[in-house]
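One structure below.
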Amino acid sequence: MLQVSFIRNNSELVKQRLAVKNFKDIHLVDEILVCDDERKKLQLEFDITQAKVNVASKEIGTLIAKGEKDKVEIAKQQVAGLKETLQPISEKLAVIEKLLNESLVKLPNLPSELVPKGTTPTDNIIVKEGGDICKLYSSAVPHWDLIKKYDLVDFETGAKITGSGFALYKGKGAKLQRALIQYFLDYNINAGYTEYLPPFMVNEASAYGTGQLPDKEGQMYFMPADNFYMIPTAEVPLTNIYRDEILKEESLPIKMTAYTPCFRREAGSFGKDVRGLNRVHQFDKVELVQIVHPDKSYTVLDEMVEHVEQLLKSVNLRYRILKLCGGDMSFASALTYDFEVYSAAQEKWLEVSSVSNFETFQTNRMKIRFKNENGKMQLAHTLNGSSLALPRIMACLLENNQSPNGIALPEILHPYFGSNIIS
RNA sequence: GGUGAGGUGGGUGAGUGGCUCAAACCAGUAGUUUGCUAAACUGCCGUACGGGUUAAACUGUACCGAGGGUUCGAAUCCCUCCCUCACCGCCA
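This note's numbering applies: residue 1322 is where the first sequence begins, and numbers increase by one.
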């Protein structure tokens, strides 16, 4: 969330940037400023009165020590009077603070200057295309047919065990999935990321910290008996490792990677493009998270994009990189690049990674700070990116590499998979 | 799940109602001293929101796991919850 002090000093800029995100409730900005002024007034009033109470209470202590009982009674009555005036002030203060916070939490992050204007995915800008165009033979089929043919994934039994959208990987399908996870993690570790294996459920504070709450609770699976949320991405547990911590400036950047399954209810969006592995409720993903110095975050964003691009190249998939327009960006992001791979048999681009800079949006919520060289407290920046979301990668690998003899895997996967072909 | 012991600043750890605006030590930091390495000594060393100031200085309030309560006054007493550790039970 944005800092009130920043909004106060840059209210026009805030409104103007929010418009780029097509944010409707611009009036919240002015309401926040009014609330904050009121809060300050009340706080000051409260502090002054409370200070008097504190002084009087100390006096009572010394009066008791001296044994002046009459004066003690008078002083006690004075304090009682002060506390009566304090009562309504603190009630008002609590109300205004709640109001202020509710409004603050509704403001999305400001898009960076680099974000293109636009409202829908068609306004996203293709910044790069790469990888070889793959030529399919005439009787090539989509991955859902290949999955059946080679018995790699069983959706029917997944639905029997759990429900629709829960895939049961099997045999070489399960092994390929494991090989991809292993390869992606190794690739990230080689680039200096520390591997984690975090909990797959998080508490409310963690879901709030990365911005899933209070906005998107409908998109997460919730365990009411314990108040836990199933993670929609490893970003949530990874970033929350450093919640409420004051870091040493020299410990930045912090680079983390983790494999986790991701759980998404897909409420509202289900029914569209759900065939095969295109959209499922539980999928595997290897994630990258960095916590960095604010001066470095856009350089790091470029590095992460480059990192993911090289990974896609190494598995020989045709890809393109999109810079998301204001209207298609997530609530918490300041700048996002999406990666899509080309599914040759479906003749469709599938999103497999999203790399974002959140600037201070998450760290302000989570209070991840460091002391800068002047000894001042400063919020760090966070970034994250997928490397990569597995099901769609698998779909494209199967489709684009199919031949009458089987599915030839990219060379880099051979040692991980233990074979060069699925047949 | 049961019983017990705990949760205090970056770390260790004292503090059972007012003399604690949290001791001491360690780490950190600035300086002094001494040929170097290093040691000794001295000062500084929490966060948030305010007031104040050109900026400081200075200053108010809150915070000792979280939230309530008792009291003129709570780290300290009471209640609820969370977490950690130990043992027991159950279990992969």
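The C-beta atom is built at its ideal place from N, Cα and C for all residues, glycine as well.
Environment of residue i [buried if 16+ CB atoms lie within 10 Å]
i, result
"A1659", "Note on identity: in this sequence residue 1659 is Asp, with Ala being the wrong assignment. Label assigned to D1659: buried."
"L1425", "buried"
"R1329", "exposed"
"V1262", "Given that the chain is displayed from residue 1322 to residue 1744, the structure contains no residue 1262 and the question cannot be resolved."
"M1541", "buried"
"V1416", "exposed"
"N1678", "buried"
"M1687", "buried"
"P1432", "buried"
"G1532", "buried"
"K1345", "exposed"
"R1596", "exposed"
"A1588", "exposed"
"T1443", "exposed"
Span of the beta strand (DSSP E), counted from its first residue to its last, around residue i
i, result
"D1616", "Counting along the chain, D1616 falls outside any beta strand (DSSP E), and DSSP gives it neither H nor E."
"L1575", "The question names Leu, yet the displayed sequence has Ile at residue 1575. 1575-1584 is the extent of the beta strand (DSSP E) around I1575."
"T1515", "1515-1517"
"K1644", "1640-1644"
"Q1550", "Here residue 1550 turns out to be Tyr, not Gln, going by the sequence shown. From DSSP, the beta strand (DSSP E) with Y1550 extends over 1549-1551."
Own chain, CB closer than 8 Å to residue i, minus 5 neighbours either side, in chain order
i, result
"P1712", "A1488, L1598, N1599, V1601, F1604, D1605"
"I1385", "V1393"
"L1354", "I1328, R1329, S1332"
"P1535", "V1426, Y1529"
"E1732", "N1741"
"K1413", "L1363"
Residues near residue i by beta carbon distance below 7 Å, same chain, minus five either side
i, result
"T1441", "G1648, D1649"
"Q1371", "L1407"
"L1573", "I1612, V1613, H1614, F1691, A1701"
N- and C-terminal bounds of the alpha helix (DSSP H) containing residue i
i, result
"S1326", "1325-1330"
"L1559", "1556-1561"
"S1527", "1525-1530"
"L1428", "Careful: L1428 lies outside any alpha helix (DSSP H) and carries neither H nor E."
Cutoff 6 Å; reference residue i; Cβ partners in own chain excluding five residues on either side
i, result
"P1463", "A1666, Q1667"
"I1742", "G1727, A1729"
"A1579", "Y1517, P1519, A1555, L1559, E1608"
"V1626", "Y1658, V1676"
Sufficient close CB pairs (3 or more, under 8 Å) joining the stretch 1630-1644 to the stretch 1447-1455: yes
Is the stretch 1520-1538 close to the stretch 1550-1568, with three or more CB pairs under 8 Å? yes
What residue ranges within the stretch 1660-1741 form continuous alpha helix (DSSP H) runs of no fewer than 4 residues, ordered along the chain? 1682-1687, 1711-1721, 1735-1738
Report the residue ranges of all alpha helix (DSSP H) runs contained in full by the stretch 1431-1511; include only those spanning at least 4 residues, in chain order. 1464-1470, 1476-1482, 1493-1511
Say whether the stretch 1413-1430 touches the stretch 1560-1569, bearing in mind that this needs 3 or more beta-carbon pairs closer than 8 Å, one atom from each stretch. no
Along the chain, which unbroken stretches of the alpha helix (DSSP H) at least 4 residues long are found entirely within the stretch 1322-1383? 1325-1330, 1332-1341
Quick check: the stretch 1494-1512 against the stretch 1621-1639, are at least 3 beta-carbon pairs closer than 8 Å? yes
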